[in-house]
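A.B. asks: Here the working numbering is used: the first residue of the sequence shown is 1, the next is one more, and so on.
Note that the Cβ used here is the ideal one computed from N, Cα and C, for glycine as well.
Please read these numbers as outputs of a predicted model, since none were measured by experiment.
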Amino acid sequence: MTTLPTERTRLIKNHFLLGFSPWILAIACTLLLLLLAMFTVSNYQREKELIGEALVQKGLTLMRFINSSAREAIRENIRLSGPWLGWEEQMQAAMEQAAEQPGVDQVLLLDSGGQILAGAGREVPARQIDDDTLSFVRSLQPGGRRVFITRITKETGDREARQKFQIASWYLPVNMPQPMPDSMDRGSRRGPRMRMFSHHPEYEKIQGEMKKLLDRHPLYLVQLDFEQFNTPLRRQLLQVLILSAVILLVGLGGSLAFMTLKGLKGSQQRLGTMRAFTDILVSSLPVGLIATDSSGTIQVCNEAAAEMLGGARKAILGKLPLAGLPPGLAQMFSGKSREVAVRRQREVALESSAGEPRILQLASVVVQDEGHDFAGEVLLIRDLTEVKLLEKQLQRSERLAALGKMAAGVAHELRNPLSSIKGLAVLLKSHFTEPGREAETADVLVKEVERLNRSIGELLDYAKPGQLNKAPVSIEEILRKTLSLVQMDTEAFGITVELSLQDDLPELTVDSDKLKQVFLNLLLNGIQAMPDGGTLRLDLTKDERNMNIVIRDTGTGILPENLPRVFDPYYTTKNDGTGLGLAMSAKIVEEHGGWIKIASVPEEFTEVRVVLPI
1 MTTLPTERTR LIKNHFLLGF SPWILAIACT LLLLLLAMFT VSNYQREKEL IGEALVQKGL
61 TLMRFINSSA REAIRENIRL SGPWLGWEEQ MQAAMEQAAE QPGVDQVLLL DSGGQILAGA
121 GREVPARQID DDTLSFVRSL QPGGRRVFIT RITKETGDRE ARQKFQIASW YLPVNMPQPM
181 PDSMDRGSRR GPRMRMFSHH PEYEKIQGEM KKLLDRHPLY LVQLDFEQFN TPLRRQLLQV
241 LILSAVILLV GLGGSLAFMT LKGLKGSQQR LGTMRAFTDI LVSSLPVGLI ATDSSGTIQV
301 CNEAAAEMLG GARKAILGKL PLAGLPPGLA QMFSGKSREV AVRRQREVAL ESSAGEPRIL
361 QLASVVVQDE GHDFAGEVLL IRDLTEVKLL EKQLQRSERL AALGKMAAGV AHELRNPLSS
421 IKGLAVLLKS HFTEPGREAE TADVLVKEVE RLNRSIGELL DYAKPGQLNK APVSIEEILR
481 KTLSLVQMDT EAFGITVELS LQDDLPELTV DSDKLKQVFL NLLLNGIQAM PDGGTLRLDL
541 TKDERNMNIV IRDTGTGILP ENLPRVFDPY YTTKNDGTGL GLAMSAKIVE EHGGWIKIAS
601 VPEEFTEVRV VLPI
């Protein structure tokens, strides 16, 4: 007797929604924290990027300002022809003017070795920058893709460390006008000015200073104060921390609510786990299972049961047994046996969707709840078709083995007398030198003895164990050779031969001569069944484990009452047959580890399927 919980299960189901409250709160808090974190990180990164871009633009603007100021000062000095100021004086004046801008700490012009060529600002080193800054500026390679490089560093000293923003870029030299030929100056409005610059006595000196400077790979290093931008960032981080603390408190409240309902939720989870395990167990059972509830409606039907019944689970679930099941199975559900648990067993025969009989073993049991009230019924279904078939095959094999042993003994006993009879018949025939009735009688006696001896030889071949000479060979090649042997017969009877082959067929390790004998017997049987012509079709396919050879003819077919006996030795419906052809063919196929099966509809077709393991 099987019992099911009732009131406790209903109580848990009624309060199942209570478990959603803490989960929703926890998920909402988690999502809010994630969104806040994403928003904060995004804003923080965006602010840093904007500040960085602003500082880069400021640094590049200072560099362009210094270049422009120095260039214009040199041009103005040349134009006015006043006291000459060299390049270093002009650059130093421009740098000092740039260093006076708010937020600018230092403006330096360095060579590739870190030596200071010119500089202005607060705490400018005397001649050489420190090693850390030198390593930073050297990452800007001459001729590289990067026009400038930046970093944020800390200035250490006696006072509190402050963050500094540094930008380094290659020095763009002062663009002095170049002298041009007179032929090109004539049409230019700037011709006189160009000639004035080129004839100035300090022009060559400026060009020389520029060339020496460029040989040292000069670069700018501008240091800006970064502390002024840290205040809004710190304020934003403080706001985020306050909001996070508030959300954390809300989350703690949700956690407390969750802990309050944890016991109920744990029971629901255990019940769900048990139900999932039961569903998996029921669906994976090798036997069919159908269960009804207290009202008699089918609530459970696993895939095995649906497959045995040849239908779909959806077509069975939710119906009464009489409406959703075959009569043989519906009778197993009483629907009224509510007093005591009842168990019944029986075997029924059903017809499958392919029209083949299927033997099912049924066992039903009544399910009761804790109060011993009727809660439903369970029907277990086991497919015994293959078991029954194996039992029949075993009985047939035992019968044929006994018959073969007896026939072999009889054949041995007959062969010796037959040899004597044949010798006497030959001797008798030799006494009749002239044709006559006596000579014909002796000749018939010799031929009949030889025919009987051949039959005995076939019987002995069938009875003794087969000796197979196996070798890798193509089944397609064996079929084609066998078809060539019966080509004259198919043409004589007007039979159309169709051959269908699957691609990429593997070779099999078989006895090609024995299989050729099998296929020849099957083809000859098909040809003899179509004396007025027809179609003989051969299909060669494979699956994961077997090679399938199907031979189908459109001949007279086999009567249903004769079909179970076609593989019995000495059973034949032909006038001139011995009845050993199909029996020997089945024996050869079984010796190869395969099996042979015949299906037929009288006056329509006969189909022989030979299955060989790959």
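#1: Look up D111 in the DSSP assignment and say whether it is helix, strand or coil.
#2: If we count Cβ pairs, one from each stretch, closer than 8 Å, do we get three or more for the segment 435–447 versus the segment 509–518?
#3: Let me know if K154 comes out buried or exposed under the rule of 16 or more other beta-carbons within 10 Å of its beta-carbon.
#4: With distances taken Cα to Cα, identify the nearest neighbour of N469 among K481, L508, A439 and R454.
#5: Which value, in whole angstroms, describes the spacing of the CA atoms of Q620 and N77?
#6: Can you tell me the Cα-Cα spacing of E438 and L428, whole angstroms?
#7: First and last residue of the beta strand (DSSP E) that includes T541?
#8: Mind checking Q141: buried by the 16 CB within 10 Å criterion, or exposed?
#9: So for S682, helix, strand or coil by DSSP?
#10: Within 10 angstroms of the Cβ of P321, are there 16 or more other Cβ atoms? Answer buried if so, exposed if not.
#11: Roughly how many angstroms lie between the CA atoms of G533 and G593, to the nearest whole one?
#12: Starting from R151 and walking both ways along the beta strand (DSSP E), at which residues does that stretch end?
#13: Kindly indicate which three-state DSSP category M599 falls into: helix, strand or coil?
#14: Answer with buried or exposed for P560, where buried requires no fewer than 16 other C-beta atoms within 10 angstroms of its C-beta.
#15: Measure from the alpha carbon of I74 to the alpha carbon of each residue in V124, E347, I206 and T40, then state which is nearest.
#16: Identify whether I558 lies in helix, strand or coil by the three-state DSSP scheme.
#17: Would you say G557 and E498 are within 8 Å of each other, going by their C-beta atoms?
#18: Would you kindly work out how many angstroms separate the C-alpha atoms of S89 and G208, rounded to a whole number?
#19: Find out if the Cβ-Cβ distance for the pair L168, V147 is shorter than 8 Å.
#20: Between the C-alpha atoms of T606 and V387, what's the straight-line distance to the nearest angstrom?
#21: What do you get for A118, buried or exposed, if any count of 16 or more other CB atoms within 10 angstroms of its CB means buried?
#22: What did DSSP end up calling D369 once you bin it into helix, strand or coil?
#23: Can you look up G52 in the DSSP assignment and give me helix, strand or coil?
#24: Going by DSSP, what residue range makes up the beta strand (DSSP E) through R641?
#25: Could you please give me the residues that DSSP links to W170 through a beta bridge?
#26: Taking a contact to mean a Cβ-Cβ separation below 8 Å, would you say M332 touches L362 in this structure?
#27: From the DSSP secondary-structure annotation, give me the bridge partner or partners of P357.
#28: Does the pairing of the segment 534–554 with the segment 563–572 give three or more beta-carbon distances under 8 Å?
#29: Three-state secondary structure (DSSP) at I421?
#30: Pull up the CB-CB distance for L224 and G103, whole angstroms please, since I reckon it's below 8 Å.
#31: Give me whichever residues DSSP pairs with D132 in a beta bridge.
#32: Is the separation between the beta-carbon of V107 and that of A120 shorter than 8 Å?
#33: Under 8 Å by Cβ, that's how I've got M584 and D553 pegged, so tell me the actual separation to the nearest angstrom.
#34: By a C-beta neighbour count over all protein chains shown, 10 Å radius and 16 as the cutoff for buried, is A525 buried or exposed?
#35: Name the DSSP bridge partner or partners of I381?
#36: So, does the segment 33–45 touch the segment 243–252, judging by three or more C-beta pairs under 8 Å?
C.D. replies: Based on what the coordinates show:
#1: Here residue 111 is taken as the residue at index 111 of the sequence shown, counted from 1. When DSSP states are grouped into helix, strand and coil, D111 belongs to the coil group.
#2: No, because fewer than three Cβ pairs between the segment 435–447 and the segment 509–518 fall closer than 8 Å, the two stretches do not touch.
#3: In the sequence shown, residue 154 corresponds to position 154, counting from 1. With fewer than 16 other beta carbons inside 10 angstroms of its own, K154 counts as exposed.
#4: Numbered from 1 along the sequence shown, position 469 holds the residue referred to as residue 469. Answer by Cα proximity: L508.
#5: Given that the chain is displayed from residue 1 to residue 614, the structure contains no residue 620 and the question cannot be resolved.
#6: Start at 1 with the first residue of the sequence shown, and residue 438 comes out as number 438. Start at 1 with the first residue of the sequence shown, and residue 428 comes out as number 428. Taking the straight line joining both Cα atoms gives about 9 Å.
#7: Counting from one through the sequence shown, the residue named residue 541 turns up at place 541. G534 to K542 is the span of the beta strand (DSSP E), which, as asked, contains T541.
#8: Within the sequence shown, the letter at position 141 stands for residue 141. So Q141 counts as exposed.
#9: This structure cannot speak to residue 682, because the chain is shown only from 1 to 614.
#10: Residue mapping note: residue 321 aligns to position 321 of the sequence shown, counting from 1. Residue environment analysis places P321 among the buried positions, since at least 16 neighbouring C-beta atoms fall within 10 angstroms of its C-beta.
#11: Taking the sequence shown and counting its residues from 1, one reaches residue 533 at position 533. Taking the sequence shown and counting its residues from 1, one reaches residue 593 at position 593. Using only the alpha carbons, I get a separation of about 34 Å.
#12: On the sequence shown, position 151 is the one that residue 151 refers to. Going by DSSP, R151 is part of the beta strand (DSSP E) stretching over F148 to E155.
#13: Translated into the one-based positions of the sequence shown, residue 599 becomes position 599. For the sequence presented, residue 599 should be read as Ala rather than Met. Residue state, collapsed to three classes: strand.
#14: For the purposes of this step, residue 560 is taken as residue 560 along the sequence shown, with counting starting at 1. Classification of P560: exposed, given that the 10 Å Cβ count is below 16.
#15: As a first step, residue 74 must be located in the sequence shown, where it is residue number 74. The shortest CA-to-CA distance from I74 to any of V124, E347, I206 and T40 is the one to I206.
#16: Reading the sequence shown from its first residue, position 558 is the one you call residue 558. Secondary structure at I558: coil, using DSSP grouped into helix, strand and coil.
#17: Within the sequence shown, the letter at position 557 stands for residue 557. Within the sequence shown, the letter at position 498 stands for residue 498. The answer is no: Cβ separation not under 8 Å.
#18: Within the sequence shown, the letter at position 89 stands for residue 89. Within the sequence shown, the letter at position 208 stands for residue 208. A small fix is needed here, since residue 89 is Glu in this sequence, not Ser. If you draw a straight line from the Cα of E89 to the Cα of G208, it is about 16 Å long.
#19: Locating residue 168 in the sequence shown gives position 168, where the first residue counts as 1. Locating residue 147 in the sequence shown gives position 147, where the first residue counts as 1. Correcting the residue type first, residue 168 is Ala in the shown sequence and not Leu. Result no, Cβ atoms of A168 and V147 do not sit closer than 8 Å.
#20: Here residue 606 is taken as the residue at index 606 of the sequence shown, counted from 1. Here residue 387 is taken as the residue at index 387 of the sequence shown, counted from 1. Straight across, the Cα-Cα distance linking T606 with V387 is about 26 Å.
#21: Indexing the sequence shown from 1 puts residue 118 at position 118. A118 is buried by the Cβ-count criterion.
#22: Here residue 369 refers to the residue found at position 369 when the sequence shown is read from its first residue. Note: D369 maps to coil in three-state DSSP.
#23: In the sequence shown, the residue the question calls residue 52 occupies position 52. Correct three-state label for G52: helix.
#24: The question about residue 641 has no answer here: the residues shown for the chain are numbered 1 through 614.
#25: On the sequence shown, position 170 is the one that residue 170 refers to. DSSP links W170 through a beta bridge to L219.
#26: By 1-based counting over the sequence shown, the position of residue 332 is 332. By 1-based counting over the sequence shown, the position of residue 362 is 362. The answer is yes: Cβ separation under 8 Å.
#27: Translated into positions along the sequence shown, residue 357 becomes position 357. Listed as beta-bridge partners of P357 by DSSP are E351.
#28: With the cut-off at 8 Å, the segment 534–554 and the segment 563–572 do not touch.
#29: For the purposes of this step, residue 421 is taken as the residue at position 421 of the sequence shown. If DSSP states are grouped into helix, strand and coil, I421 belongs with the helices.
#30: Position 224 of the sequence shown holds residue 224. Position 103 of the sequence shown holds residue 103. Going by Cβ atoms, the distance from L224 to G103 rounds to 6 Å, so yes, they are a contact pair.
#31: Position 132 of the sequence shown, counted from the start, is the residue given in the question as residue 132. Bridge partners of D132: none, in fact.
#32: In the sequence shown, residue 107 corresponds to position 107, counting from 1. In the sequence shown, residue 120 corresponds to position 120, counting from 1. A Cβ-Cβ contact shorter than 8 Å links V107 with A120.
#33: The residue you call residue 584 lines up with position 584 of the sequence shown. The residue you call residue 553 lines up with position 553 of the sequence shown. Contact between M584 and D553 does not hold, since their C-beta atoms are separated by about 20 Å, which reaches or exceeds 8 Å.
#34: Taking the sequence shown and counting its residues from 1, one reaches residue 525 at position 525. Residue identity differs from the one stated: residue 525 is Asn in this sequence, not Ala. With 16 or more other Cβ atoms within 10 Å, it is buried.
#35: As a first step, residue 381 must be located in the sequence shown, where it is residue number 381. Beta bridge pairing from DSSP links I381 with G288 and L362.
#36: Output reads yes: the segment 243–252 touches the segment 33–45.
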